[in-house]
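Chains as they are written, first to last, in my numbering: chain A, 1 to 288; chain B, 1001 to 1661. For every residue, glycine included, the Cβ atom is placed at its ideal position computed from N, Cα and C. Report on one structure; see the data block that follows.
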């Protein structure tokens, strides 16, 4: 029991450190790809502390509730992952986090914020079913929704669920708000000034959003690492490779429209998942 | 208390109280009668828990059977009259298709003597008791809410002659009919109560007597009459195929046959079809959407505790008598409704229509669970019935309260409601969050349903898509409520007691039942599942191992220590409290910390204005609107597809039944 408490504490502390560090690498690599020199690796942390030190300013009396909720639910998701809880429930919790961020955008009367929130909703519509199908796909392999059972299984999921893995890479792109799916934030090259929901978020609350994004990044990479849970270091390497791949995808693609994103993920990524699950369902039932 | 008195209170008291409120024209006295009836019903429903279940009861006096037969014909004759006077031929046709076979069967075919011997008339088991509790408690709260609502409603309409008495008569009587419906075992009695609910529904939808109200009421009437016709057909089919005996004319005997008696399959499918119509499953969703014209207490009652719940109750009740193919097709029909209704909800601009589509969607989910038919799926269905009743009852009453504050049902008019009516908005937001997010009960039900849905993968995929779509339409609406300019010094509005008591009771219910879901599961759901357990589908999960302290887990059937899923209720509520409740209570912004929004420097004035300099430097009010994607997924765009698929699924459903016979 106390062992689990320690795991939880370490995860809550370590995740943002890793996430911030990865964000630093992201900015550096992106700058190099664009022919710039780029900021120091630790720049995200400098930004974070600078933002924390600023005075509190808001354009709405309720927005901060949803920002705090975004952060708290994201941390809860991460705890679900490291404590090896129910995968399906983790996805639903991630849904609450996503909805909180959307509501943060809606709870101020600002046109840019609303654009961002509406587009963020389209992103949720695009990735949520894939994540849920991922959980179902895992069930076809281990007959359980518990992450602890994934960790215990000796055969890597990647071998049998590679179509879902590819679909999950699409989710990662959407979640990291990278091109061609950076619809909601429009932060290509991290240079655009009016940035969706973030437009009306400043100072310490902006720092909280950054913190949440770092947690989110670690969480998603953790989910990807589950595809090779034994030994876990291979899974982590796969996740890091996926991260680096995202940076390249980001820089060689142009931003597409929201409608295109929904169609792409529902038509292509979802079909990958559905075929994958159908295949294993038929095999498991012994129909053929 | 004696069982016959309990049944009398549950079924007949609402009728007597209804007649009293109809006769008494004094507002306060009438309100008092409604409140006393509500209290009596609630107390009585709690007494049902003390019965040794399951138990049965047949009235000793045969006059009750005669009364019911007479009233059957009275109701059907009224439908004929309604069809003729409204010149609505569909109402007329489907009244005739009920009355002619029924009269032929009972009198010409000489069944009437045998039909009087059907016993037991009532069968009370755990599932019935769960339904009685929902009907009596939530239904009663809605009746209390209606007292004040109808007064405001008529004050606003400035009617010359009050029709509140008539309204409350049908509303209160509805509860009695519903109680009878879920307790009845004799199919003829079930049919009678079924028709009474259809009648009450018609009267309440048409209450305002506008052209639209009457048309929509008539539509509800003829659609549900198709269901009535199917039920009569099922009864006659059973009677003649069991050698003109009444052996299988009770729910109990049909259910106990467990799908092994071949000739029962078609009648079971027909009655399931009846239930699906009443549960507004596609392609019959239109009657429930049309019901929106009625005053809001009607919608609240139809959607949460009565009418549509009768439909899912019947499907759930019959689930053990499905054969596997029928189960799968029912599951896919329901799952399709869940998905299609959720998509259509996105494009709705009227608040009550969003709620209606959300109801249709959730009923689809419940029907699908009944079709999947494992113990786990049944548990999901019953959890969803309970939590949906609480949340939807609350949301409709919120919608009514909002309507009486802004006199509109349009979502766009609710913009910035958080500022005009913070208390109502707060309650509405709780209601909305409880519909689709953890840690609340509906999500728990959905989680159980998804974990159970692997048995029918096509249904599982539709569930997944629908869950994602559900998030979008709720979030969109929430967004419109929340969007405010931070004007300073807003006041909390005051609500009449007749509004606030039901509202806060249901909010308390959402939290109490959400946090205490494990005891609820153990005491109600689990035993109710045993009444509708199918027996012919093996379950992967052993239900009796599911409750672990305050939390729920899914144990593997073989080894109870191993779990395949876990839902930690308490930790999730703590996360919710830390995320939302504590910040709301302990953090507040000072006025000097508020700033105007970013408008590229074109903002006119300070934080409490929302004007900006438009073209030619004209001061213009900032206007924002929601997205509805009407061109892509509006009713006009996708309804043809929806109807084609839904009808095709029904044809397939009856097709597989025909093939298996």
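Starting from the Cα of residue 1387 of chain B, find the closest Cα among B/1180, B/1402, B/1363, B/1422 and give me that residue. B/1363
Would you mind telling me which residues of chain A sit closer than 8 Å to residue 1483 of chain B, beta carbon to beta carbon, in chain order? 106, 107, 108, 109, 114
With 16 other Cβ atoms within 10 Å as the buried cut-off, status of residue 1602 of chain B: exposed
Going along chain A, which residues have a C-beta under 9 Å from residue 1467 of chain B? 92, 95, 128, 129, 132
Can you tell me the Cα-Cα spacing of residue 219 of chain A and residue 241 of chain A, whole angstroms? 15 Å
Would a C-beta distance cut-off of 8 Å place residue 86 of chain A and residue 1565 of chain B closer than the cut-off? Result yes, Cβ atoms of residue 86 of chain A and residue 1565 of chain B sit closer than 8 Å.
By the 8 Å beta-carbon criterion, what residues does the stretch 139–158 of chain A contribute toward chain B? 139, 140, 143, 144, 145, 146, 149
Within-8 Å CB hit, residue 1595 of chain B to chain A: Closer than 8 Å to some Cβ of chain A, the Cβ of residue 1595 of chain B qualifies, so yes.
Taking buried to mean at least 16 other C-beta atoms within 10 Å of its own C-beta, is residue 129 of chain A buried or exposed? The residue is buried, with at least 16 neighbouring Cβ atoms inside 10 Å.
May I have a chain-ordered list of the beta strand (DSSP E) segments no shorter than 3 residues that lie completely inside the stretch 1031–1098 of chain B? Fully enclosed beta strand (DSSP E) runs of 3 or longer: 1055–1057.
Using DSSP's beta-bridge definition, name the partner residues of residue 1612 of chain B. B/1603, B/1620
Report the rounded CA-to-CA distance for residue 190 of chain A versus residue 23 of chain A, giving the unit in angstroms. Caution is warranted here: a pLDDT of 49 is assigned to residue 190 of chain A, below 50, making its placement in the model unreliable, and the coordinate value is therefore given only provisionally. Taking the straight line from one Cα to the other gives about 11 Å.
Using the Cα positions of residue 1098 of chain B and residue 1165 of chain B, report the straight-line distance between them to the nearest angstrom. Rounded to the nearest whole angstrom, the CA to CA distance from residue 1098 of chain B to residue 1165 of chain B is 30 Å.
Cβ of residue 173 of chain A within 8 Å of Cβ of residue 113 of chain A? no
In the DSSP assignment, find the unbroken beta strand (DSSP E) run with residue 1150 of chain B in it and report its ends. Where residue 1150 of chain B is concerned, there is no enclosing beta strand (DSSP E), although the alpha helix (DSSP H) it sits in stretches over 1126–1157.
With a cut-off of 8 Å, do at least 3 Cβ pairs link the stretch 1440–1454 of chain B to the stretch 1508–1516 of chain B? yes
What are the partner residues of residue 1565 of chain B, as DSSP defines its beta bridges? B/1554
Distance, Cα to Cα, residue 99 of chain A vs residue 121 of chain A? Per the coordinates, the alpha-carbon of residue 99 of chain A lies some 8 Å from the alpha-carbon of residue 121 of chain A.
Within 10 Å of its beta-carbon, does residue 1614 of chain B have 16 or more other beta-carbons around it, so buried, or fewer, so exposed? exposed
Would you grab the beta carbon distance between residue 203 of chain A and residue 28 of chain A for me? Rounded to a whole angstrom, and I think it's under 8 Å. Actually they are not in contact, since the Cβ atoms of residue 203 of chain A and residue 28 of chain A sit about 26 Å apart, beyond 8 Å.
Stretch pair the stretch 1388–1398 of chain B + the stretch 1293–1306 of chain B: three plus CB contacts closer than 8 Å: yes
Which one of A/175, A/84, A/76 has the shortest CA to CA distance from residue 1563 of chain B? A/84
Identity of the residue in B/1655, B/1461, B/1416, B/1529 nearest residue 1662 of chain B by Cα: Nothing can be reported for residue 1662 of chain B: it is not among the residues displayed for chain B, which extend from 1001 to 1661.
Please report whether the beta-carbon of residue 1133 of chain B lies at a distance below 8 Å from any beta-carbon of chain A. no
Answer with yes or no whether the minimum CB distance from residue 190 of chain A to chain B is below 8 Å. Unreliable placement is indicated for residue 190 of chain A, whose pLDDT of 49 sits below 50; the coordinate value is still reported in the next sentence. Output row for residue 190 of chain A: interface = no.
Suppose you measure from the CA of residue 1209 of chain B to the CA of residue 1126 of chain B; what does that come to, to the nearest Å? 40 Å
What runs of the alpha helix (DSSP H), each 4 residues or longer, lie entirely inside the stretch 72–117 of chain A? 87–106
8 Å contact criterion, which residue 280 of chain A and residue 154 of chain A should meet: CB distance rounded: Actually they do not touch by this definition, with Cβ atoms about 17 Å apart.
Have a look at A/61, A/6, A/96 and flag the residue whose alpha-carbon is nearest the alpha-carbon of residue 1482 of chain B. Nearest option by C-alpha distance: A/61.
Proximity to residue 15 of chain A [Cα-Cα], best of A/58, A/178, A/221: A/221
Proximal chain A residues relative to residue 1610 of chain B, where beta-carbon distance stays under 8 Å: 109
Can you give me the start and stop residues for the alpha helix (DSSP H) that residue 1284 of chain B sits inside? Careful: residue 1284 of chain B lies outside any alpha helix (DSSP H) and carries neither H nor E.
Report all residues from its chain with a CB closer than 7 Å to the CB of residue 188 of chain A; omit the five preceding and five following residues, and keep chain order. With a pLDDT of 48 at residue 188 of chain A, under the threshold of 50, the modelled position of that residue is not reliable, and no figure is offered here.
With distances taken between CB atoms, is the gap from residue 1657 of chain B to residue 1109 of chain B smaller than 8 Å? No, they are not a contact pair.
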